[in-house]
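Below: one structure, written as structure tokens.
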Amino acid sequence: MATPEEKQRNLTAIMNWSLRQTGDATATSQFTEMDPERRRWLAEALQSVSTAPSETALLKSSLDVLRKYSSSIPSEGQQTATELNEGEEESIVKAIEQIQYFVDDLDHAKDLIPLNGVDVIKQYLHHPSSDIVLGTCELVAMATQNNPLCQSAFLSTMPRLLSLLDSSDVPSGTRIKALYAMSCLTRMFPPGLSELIKLDGISVLLHCMQSEVTKLVIKSIFLIMSYYSNTEDNIPEPLMKRMNTITDECISLLRSCSDPEVAGHLLSMLNAFITNHQAAREHCKNPDLRLKDLLKEKLAELPADPIDNHEVIHQIQQTCFREE
Numbered sequence: 002m003a004t005p006e007e008k009q010r011n012l013t014a015i016m017n018w019s020l021r022q023t024g025d026a027t028a029t030s031q032f033t034e035m036d037p038e039r040r041r042w043l044a045e046a047l048q049s050v051s052t053a054p055s056e057t058a059l060l061k062s063s064l065d066v067l068r069k070y071s072s073s074i075p076s077e078g079q080q081t082a083t084e085l086n087e088g089e090e091e092s093i094v095k096a097i098e099q100i101q102y103f104v105d106d107l108d109h110a111k112d113l114i115p116l117n118g119v120d121v122i123k124q125y126l127h128h129p130s131s132d133i134v135l136g137t138c139e140l141v142a143m144a145t146q147n148n149p150l151c152q153s154a155f156l157s158t159m160p161r162l163l164s165l166l167d168s169s170d171v172p173s174g175t176r177i178k179a180l181y182a183m184s185c186l187t188r189m190f191p192p193g194l195s196e197l198i199k200l201d202g203i204s205v206l207l208h209c210m211q212s213e214v215t216k217l218v219i220k221s222i223f224l225i226m227s228y229y230s231n232t233e234d235n236i237p238e239p240l241m242k243r244m245n246t247i248t249d250e251c252i253s254l255l256r257s258c259s260d261p262e263v264a265g266h267l268l269s270m271l272n273a274f275i276t277n278h279q280a281a282r283e284h285c286k287n288p289d290l291r292l293k294d295l296l297k298e299k300l301a302e303l304p305a306d307p308i309d310n311h312e313v314i315h316q317i318q319q320t321c322f323r324e325e
């Protein structure tokens, strides 16, 4: 059975062979009989192209692998499940990777719905293997990115994603992929953002900002910033009500932060808030926050790089304390 890559290579080879046989259309034909080895190659290439299964069929086959081993996932109220050997676990990993390959195409991502693939994929977010959970988180992210149909279909995974993200017992790589999936479920998809707010996902993101995993901290900052990038009229009211809390947390983390890269991202977050939102700007002027003194300290303490820390500090000072 030819893979999609082999099918493409055979198609390319056949096209190149055809062009070589055509040559210059104005020249006199120099037809010669094809040698047996070339005839056999052409026959095999044509057969592989004509008999290769469709990508939808291959997607269905990979989903069937996940269904086959779904008994390895503990059901609700169950402490144990069927144990897998190394080969069986590898089959699941390969099936997930194959599905990732296909759903990178928007149309194939939508195929998950008529193929009843969404429910079986959701189950694997609860698999005992952290590698399989990591791959499943990435699969959810790839299927839902800029795809409202799949965002809606996978919306019920939000509680599990938040649970993975908020647990220090979960490997950092899996937590980062869970954050990636949550980002894809909520960006440019108001129902996803509403679900995040309802489940108090902002508190989970604030908790992640306190993590010792730098990549998780930075990605959490970026995601929160994206939620506040619209004008105030287009930001959900519950989010606007959390802005001061987020600003306070940002200032608190900045005060204790010794990592120049993380400090730079915290400064960028603070700058974005006060630049775009009057409420945050007024809040930062509160003397109890001691932001003015903190900015002077960070200006002396932090290097200018890696992300123009000094310039951002000057911008915040100008915006909040120009009149003082």
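Residue 153 in this note's numbering sits at position 152 of the sequence shown, and the numbers go up by one each step.
For each residue, glycine too, the CB sits at the ideal point set by N, CA and C.
Please read these numbers as outputs of a predicted model, since none were measured by experiment.
#1: Taking just the CA atoms, how far does D132 sit from S173?
#2: The alpha helix (DSSP H) spanning H315 covers which residue range?
#3: State the DSSP-derived secondary structure class of L1, mapped to helix, strand or coil.
#4: Can you tell me whether N235 is buried or exposed? The criterion is at least 16 other CB atoms within 10 Å of its CB, across all chains shown.
#5: Report the rounded CA-to-CA distance for D309 versus D249, giving the unit in angstroms.
#6: Using alpha carbons as the reference points, say which of S72, K286, L180 lies closest to C209.
#7: Using only the alpha-carbon positions, how far apart do R161 and E89 sit?
#8: So Y229 and F274 are supposed to be a Cβ contact under 8 Å. How far apart are they, rounded?
#9: Could you tell me the distance, in whole angstroms, from the CA atom of I247 to the CA atom of L207?
#10: Short of 7 Å in beta carbon distance, which residues of its chain neighbour Q316, apart from the five on each side in sequence? Order them along the chain.
#11: Could you spell out the range, first to last residue, of the alpha helix (DSSP H) harbouring K293?
#12: With a threshold of 6 Å on Cβ separation, who are the neighbours of H128 within its own chain once the five nearest residues in sequence on each side are excluded?
#13: Curious, which full-length alpha helix (DSSP H) runs of at least 4 residues does the stretch 143-204 contain?
#14: Given a cut-off of 8 Å, decide if G136 and V94 are closer than it, judged by their beta-carbon atoms.
#15: Look at the alpha carbon of V214 and the alpha carbon of I177, and state the distance between them as a whole number of angstroms.
#16: For T258, does the three-state DSSP call read helix, strand or coil?
#17: In the DSSP assignment, find the unbroken alpha helix (DSSP H) run with L224 in it and report its ends.
#18: At what residues does the alpha helix (DSSP H) containing L64 begin and finish?
#19: Considering just the uninterrupted stretch of the alpha helix (DSSP H) at A96, what are its terminal residues?
#20: Residues in the same chain with beta-carbon distance under 8 Å from C321, minus the five sequence neighbours each way, listed in chain order, please.
#21: If you draw a straight line from the C-alpha of R243 to the C-alpha of L140, how long is it?
#22: Suppose you measure from the CA of S71 to the CA of Y125; what does that come to, to the nearest Å?
#23: The alpha helix (DSSP H) that contains E283, what's its start and end?
#24: Got a sec? Which residues, its chain only, sit under 7 Å from L186 by beta carbon, not counting five neighbours each side?
#25: Taking the alpha helix (DSSP H) that D120 belongs to, which residues open and close that run?
#26: When the Cα atoms are used, what is the spatial distance from V313 to S221?
#27: Looking only at its own chain, which residues have a Cβ that is under 6 Å from the Cβ of S63, when we skip the five neighbours before and after it?
In brief:
#1: 11 Å
#2: 310-322
#3: Because the chain spans 2 through 325 in this model, residue 1 falls outside it and cannot be assessed.
#4: exposed
#5: 22 Å
#6: L180
#7: 24 Å
#8: 7 Å
#9: 7 Å
#10: N272
#11: 292-302
#12: I74, V134
#13: 149-154, 159-166, 173-187, 191-199
#14: yes
#15: 9 Å
#16: At residue 258 the sequence reads Cys, which differs from the Thr that was named. Three-state result, C258: coil.
#17: 215-228
#18: 56-69
#19: 87-104
#20: I275, R282, C285, K286, L292, K293
#21: 31 Å
#22: 8 Å
#23: 279-285
#24: T145, Q152, F155, L156, M159, G193
#25: 118-124
#26: 20 Å
#27: A96, Q99, I100
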